[in-house]
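Structure, as structure tokens:
Number of protein chains: 2
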Amino acid sequence: MSRKQKATVRDVAALAGLSTATVSRAFDPAFAHLVSEESRQRVMAAAAQLNYTKNHVARSLKTRSTKTIAVIAPELANDFFMELTEAMERVFEQAGYTLLVASSSNSVKEEQKRLTLFAERLVDGIVVIPAGDVGEHLNQLGRQGMPLLLVDRLVTGSDLDAVLSENEAGARSLTEALVGDGYREIAFIGGDCTVSTARERLAGYRCAMEDAGLTIREELVRLGGLGIADGYRLMGELLEEQKLPEALVAVNLLVHLGIQRRLLEEQRKGRSLPPIAIAAFDETVYSAFLPLLRYVAVQDVSGLGERAARWILKKVDEAKAIPQAGSVNAQEPEIVRLPVTIMPVNRGSFKTQEVLKEQP
Amino acid sequence: MSRKQKATVRDVAALAGLSTATVSRAFDPAFAHLVSEESRQRVMAAAAQLNYTKNHVARSLKTRSTKTIAVIAPELANDFFMELTEAMERVFEQAGYTLLVASSSNSVKEEQKRLTLFAERLVDGIVVIPAGDVGEHLNQLGRQGMPLLLVDRLVTGSDLDAVLSENEAGARSLTEALVGDGYREIAFIGGDCTVSTARERLAGYRCAMEDAGLTIREELVRLGGLGIADGYRLMGELLEEQKLPEALVAVNLLVHLGIQRRLLEEQRKGRSLPPIAIAAFDETVYSAFLPLLRYVAVQDVSGLGERAARWILKKVDEAKAIPQAGSVNAQEPEIVRLPVTIMPVNRGSFKTQEVLKEQP
DNA sequence: CTGTTAGCGCCTTCAG
DNA sequence: CTGAAGGCGCTAACAG
Numbered sequence: 000m001s002r003k004q005k006a007t008v009r010d011v012a013a014l015a016g017l018s019t020a021t022v023s024r025a026f027d028p029a030f031a032h033l034v035s036e037e038s039r040q041r042v043m044a045a046a047a048q049l050n051y052t053k054n055h056v057a058r059s060l061k062t063r064s065t066k067t068i069a070v071i072a073p074e075l076a077n078d079f080f081m082e083l084t085e086a087m088e089r090v091f092e093q094a095g096y097t098l099l100v101a102s103s104s105n106s107v108k109e110e111q112k113r114l115t116l117f118a119e120r121l122v123d124g125i126v127v128i129p130a131g132d133v134g135e136h137l138n139q140l141g142r143q144g145m146p147l148l149l150v151d152r153l154v155t156g157s158d159l160d161a162v163l164s165e166n167e168a169g170a171r172s173l174t175e176a177l178v179g180d181g182y183r184e185i186a187f188i189g190g191d192c193t194v195s196t197a198r199e200r201l202a203g204y205r206c207a208m209e210d211a212g213l214t215i216r217e218e219l220v221r222l223g224g225l226g227i228a229d230g231y232r233l234m235g236e237l238l239e240e241q242k243l244p245e246a247l248v249a250v251n252l253l254v255h256l257g258i259q260r261r262l263l264e265e266q267r268k269g270r271s272l273p274p275i276a277i278a279a280f281d282e283t284v285y286s287a288f289l290p291l292l293r294y295v296a297v298q299d300v301s302g303l304g305e306r307a308a309r310w311i312l313k314k315v316d317e318a319k320a321i322p323q324a325g326s327v328n329a330q331e332p333e334i335v336r337l338p339v340t341i342m343p344v345n346r347g348s349f350k351t352q353e354v355l356k357e358q359p
Numbered sequence: 000m001s002r003k004q005k006a007t008v009r010d011v012a013a014l015a016g017l018s019t020a021t022v023s024r025a026f027d028p029a030f031a032h033l034v035s036e037e038s039r040q041r042v043m044a045a046a047a048q049l050n051y052t053k054n055h056v057a058r059s060l061k062t063r064s065t066k067t068i069a070v071i072a073p074e075l076a077n078d079f080f081m082e083l084t085e086a087m088e089r090v091f092e093q094a095g096y097t098l099l100v101a102s103s104s105n106s107v108k109e110e111q112k113r114l115t116l117f118a119e120r121l122v123d124g125i126v127v128i129p130a131g132d133v134g135e136h137l138n139q140l141g142r143q144g145m146p147l148l149l150v151d152r153l154v155t156g157s158d159l160d161a162v163l164s165e166n167e168a169g170a171r172s173l174t175e176a177l178v179g180d181g182y183r184e185i186a187f188i189g190g191d192c193t194v195s196t197a198r199e200r201l202a203g204y205r206c207a208m209e210d211a212g213l214t215i216r217e218e219l220v221r222l223g224g225l226g227i228a229d230g231y232r233l234m235g236e237l238l239e240e241q242k243l244p245e246a247l248v249a250v251n252l253l254v255h256l257g258i259q260r261r262l263l264e265e266q267r268k269g270r271s272l273p274p275i276a277i278a279a280f281d282e283t284v285y286s287a288f289l290p291l292l293r294y295v296a297v298q299d300v301s302g303l304g305e306r307a308a309r310w311i312l313k314k315v316d317e318a319k320a321i322p323q324a325g326s327v328n329a330q331e332p333e334i335v336r337l338p339v340t341i342m343p344v345n346r347g348s349f350k351t352q353e354v355l356k357e358q359p
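Quick note, the sequences are listed as chains Z and B, same order. Per numbering that gives the first Met the number 0, the very first residue in the first sequence carries number 0; after that it's consecutive. Per numbering that gives the first Met the number 0, the very first residue in the second sequence carries number 0; after that it's consecutive.
Written out as structure tokens, the structure is:
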């Protein structure tokens with residue numbers, strides 16, 4: 000049923016009685032106008048008969064472009080990162096680029112590995128959601144001419160452009176909302192200074208507290224990671240040390256979940272707890288079910304994604320035009336920040352609202 | 000700072016005073032023993048000096064293998080699919096393969112597009128979580144010699160191997176658990192017959208009901224999609240028609256969420272509802288916070304992923320050995336099913352437990 | 001509009 | 001152990 004070997008342009012050319020060049024042109028929309036309609040049809044007929052599919056690898060070798068953009072995220076099983084990625088994919092697809100996703104498993108070392116891997120495979124550009132705060136490997140690649148862009152997180156000592164959320168302002172507003180409700184003993188939980196988002200959010204919290212004339216009890220600032228386990232542990236510490244705040248700001252969704260989980264556990268053990276008002280970054284379809292949650296800071300995920308996607312494509316084009324442009328900015332790196340929206344939760348989760356309206 | 004052009008084997012060979020063949024061999028662990036230690040070092044030194052990285056595209060063209068496996072999932076922002084994918088990636092990475100993820104956006108047409116795209120790019124094998132019930136495009140690729148494997152969902156009229164969960168048994172157990180608690184009016188919500196998982200789960204529900212001697216009120220079987228919006232809508236229908244069951248089985252997590260969201264809304268409007276016991280497929284870190292939820296069917300996600308990953312790698316190896324083996328089974332397609340675990344929810348979500356134990 | 005001709009960068013026999 | 005040489009399949013000048 001099937002040919003022993005896959006058919007090549009040469010086979011098609013032979014069968015169609017034309018040259019390989021014509022066959023090649025017939026398949027490239029950009030050159031199709033240089034091929035007579037009759038030839039084009041002969042080519043297509045021959046191709047169909049031979050079950051020809053073009054070999055993209057060979058094409059890439061010649062054109063030095065794979066029409067592929069890679070995205071490196073710290074995790075795959077993370078709604079925020081994947082929604083970001085899906086937003087980017089929409090743009091890439093429309094531009095005729097293929098998206099390639101890889102996980103750095105929250106490790107800078109893995110990130111580095113993926114990066115060189117992609118460089119070897121000649122992806123046209125890479126969008127990185129950095130796993131940590133180390134950026135030298137990024138700069139290096141950028142200097143070698145690879146179009147590169149950061150999303151969501153910054154990296155110190157990097158001269159790369161980035162698309163981010165207004166984390167500091169968001170955390171400030173979140174804190175202000177709690178202050179506005181009359182809370183004074185407000186904790187900040189989660190994150191550490193190796194991730195820019197956490198740093199910025201902490202700064203926003205501090206700023207809001209100061210502006211409100213409140214002194215921060217430093218034992219209520221509990222740093223240490225961005226995962227569920229971290230929120231769980233940090234909340235546990237507060238419980239054990241009997242240092243319960245009146246309210247708290249959670250650095251992100253996962254930490255927030257860990258916190259709630261720890262509180263739920265306490266409650267199930269029959270211990271009664273004073274209600275702690277929670278304000279947290281990121282919203283989910285589950286938010287409506289989380290007790291204690293008062294305010295969420297909602298990031299413009301698709302905005303971030305679209306912005307980033309368009310930007311990296313622009314860089315790719317530029318790099319093609321001026322081969323040695325690369326991704327290193329002679330001057331300052333350019334950073335775009337998108338605002339986040341603060342929303343009270345008691346009237347229901349907006350995200351769910353949106354999702355519910357979606358036509359399946 | 001940077002070379003105008005990327006260095007090639009030829010550059011390295013020239014600088015090292017050796018031939019390109021030796022350079023090539025020095026870089027391939029499988030041939031390294033055919034290179035003298037001195038030559039190897041000279042090569043490495045020259046490579047380092049020139050900042051040489053091998054061009055994987057050229058290599059692929061020659062070897063006809065990209066050392067890449069593609070995964071096509073209906074969505075990226077879906078924990079189940081991405082956990083599956085992460086599980087596979089672990090195996091691939093260890094085997095020296097790169098993972099390439101793409102979304103079919105729940106569309107068979109998009110799936111088809113991705114499939115041909117990957118075929119053109121010479122991925123070594125493809126793991127598909129099918130978007131729909133159409134399989135002809137898959138068979139065709141398989142017949143052309145592409146190693147192919149289905150995960151999570153089956154496709155009718157396909158002769159492809161697959162790794163799946165025991166959906167029918169899971170749904171049966173879920174239903175039995177509710178029956179065991181004394182419920183008799185049990186609904187089944189979500190899914191439709193275009194997706195095998197939904198079909199199988201519905202069958203399991205029917206089977207359990209019959210075995211328990213209960214007649215199914217057909218108006219309590221509400222099919223129609225696998226997303227949040229679907230659960231929300233279907234639950235809404237039941238509410239409007241005033242046909243509330245005592246308990247229900249939700250086909251999957253998203254539908255379950257939609258159902259709960261609809262009920263929450265009702266409750267917030269001040270209407271009192273009889274408590275409906277819910278049993279649902281799939282567990283999350285949020286499960287502990289969902290009211291009404293009694294039982295979950297937990298799939299062995301990492302088991303599925305590992306199994307699938309190993310299998311596709313095996314197929315890739317075989318295809319390499321016998322070029323025309325492809326992915327079409329002369330006989331029956333082989334299907335592996337992994338058991339699901341039914342768990343009561345009131346003692347807390349197991350998944351969270353696991354996550355909490357994770358060392359961050 | 002079409003054909004001819006060189007490679008893209010690497011691997012891999014086949015001889016040394 | 002090493003080198004020379006011939007492609008992998010395709011595209012991009014350059015001539016017709």
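Note that the Cβ used here is the ideal one computed from N, Cα and C, for glycine as well.
Check: Simplified DSSP assignment, three categories, for B/Y294; Outcome: strand
Check: Residue-level contact to chain Z via CB, B/V8, 8 Å cutoff; Outcome: no
Check: Amino acids of chain B, ordered along the chain, whose beta-carbon sits closer than 9 Å to that of Z/L60; Outcome: N54, V56, A57, S59 and L60
Check: Closer than 8 Å at the beta carbon, the chain Z residues around B/F387; Outcome: Nothing about residue 387 of chain B can be reported from this structure: the residues present for chain B run from 0 to 359 only.
Check: Among Z/S64, Z/L114 and Z/E264, the one whose alpha carbon lies nearest that of Z/I128; Outcome: Z/L114
Check: Limits of the unbroken alpha helix (DSSP H) element including Z/V90; Outcome: D78 to Q93
Check: Proximity below 8 Å, CB of B/L219 to CB of Z/V56; Outcome: no
Check: Spatial distance of Z/V295 from Z/R221 (CA atoms); Outcome: 19 Å
Check: Boundaries (first-last residue) of the alpha helix (DSSP H) holding B/M234; Outcome: I227 to E239
Check: Sheet register partners of B/L187 (DSSP bridge); Outcome: The question names Leu, but residue 187 of chain B in the sequence shown is Phe. Its beta-bridge partners are B/V220 and B/V248.
Check: Simplified DSSP assignment, three categories, for B/T342; Outcome: Correcting the residue type first, residue 342 of chain B is Met in the shown sequence and not Thr. If DSSP states are grouped into helix, strand and coil, B/M342 belongs with the strands.
Check: C-beta contact flag for B/E245 and B/I275 at 8 Å; Outcome: yes
Check: Beta-carbon gap between Z/Q48 and Z/S164 smaller than 8 Å; Outcome: no
Check: Selected residue, minimal CA-CA separation from B/D27, among B/V8, B/F117, B/G16 and B/V70; Outcome: B/V8
Check: Residue-chain proximity (B/S102, chain Z), Cβ-Cβ < 8 Å; Outcome: yes
Check: 8 Å Cβ cutoff, Z/L256 in contact with chain B; Outcome: yes
Check: Contacts that Z/I311 makes with chain B (C-beta to C-beta distance below 8 Å); Outcome: Simply none; closest approach about 17 Å.
Check: Z/V178 versus Z/A228 - alpha carbon distance; Outcome: 27 Å
Check: Proximal residues to B/L233 (C-beta, below 7 Å), its chain only, five neighbours per side dropped; Outcome: I188, G189, R221 and G223
Check: 8 Å Cβ cutoff met for Z/A307 and Z/V133; Outcome: no
Check: Whole-number beta carbon distance between B/R261 and B/G235, since they are thought to touch under 8 Å; Outcome: 5 Å
Check: Neighbour-count burial assignment, B/I334, 16 or more Cβ in a 10 Å radius; Outcome: exposed
Check: Contacting residues, own chain, Cβ-Cβ under 7 Å from B/G302 (five flanking each side not counted); Outcome: L337
Check: Chain B within 8 Å of Z/S1, Cβ atoms only; Outcome: For Z/S1, the predicted structure reports a pLDDT of 39, less than 50, and the residue's modelled location is therefore unreliable. A value from the coordinates is still provided. Yes, because at least one Cβ of chain B sits closer than 8 Å to the Cβ of Z/S1.
Check: Between the CA atoms of Z/Q259 and Z/N105 - distance to the nearest angstrom; Outcome: 23 Å
Check: Z/D210 to B/A170 span [Cα, whole Å]; Outcome: 56 Å
Check: Proximity test, Cβ basis, 8 Å: B/L99 and chain Z; Outcome: yes
Check: B/I341 vs B/L173 beta-carbon contact at 8 Å; Outcome: yes
Check: Interface positions of the segment 105 to 137 of chain B facing chain Z (Cβ-Cβ less than 8 Å), listed along the chain; Outcome: T115, L116, A118, E119, R120 and L121
Check: Inter-residue Cα distance where the pair is B/N77 and Z/F79; Outcome: 10 Å
Check: Coil, strand or helix - B/A124 by DSSP; Outcome: First, the residue type needs correcting, since residue 124 of chain B is Gly and not Ala in the sequence shown. Three-state DSSP puts B/G124 in a strand.
Check: From Z/L159, Z/G131 and Z/D123, residue whose alpha carbon lies closest to that of Z/N138; Outcome: Z/L159
Check: Cβ-Cβ separation, B/I71 to B/A101 (assumed contact under 8 Å), whole Å; Outcome: 5 Å
Check: Beta-carbon proximity of B/F280 to B/A249, cut-off 8 Å; Outcome: yes
Check: 8 Å Cβ cutoff, B/M81 in contact with chain Z; Outcome: yes
Check: Contact set between B/A76 and chain Z, taken where Cβ atoms lie within less than 7 Å; Outcome: D78, M81, E82 and E85
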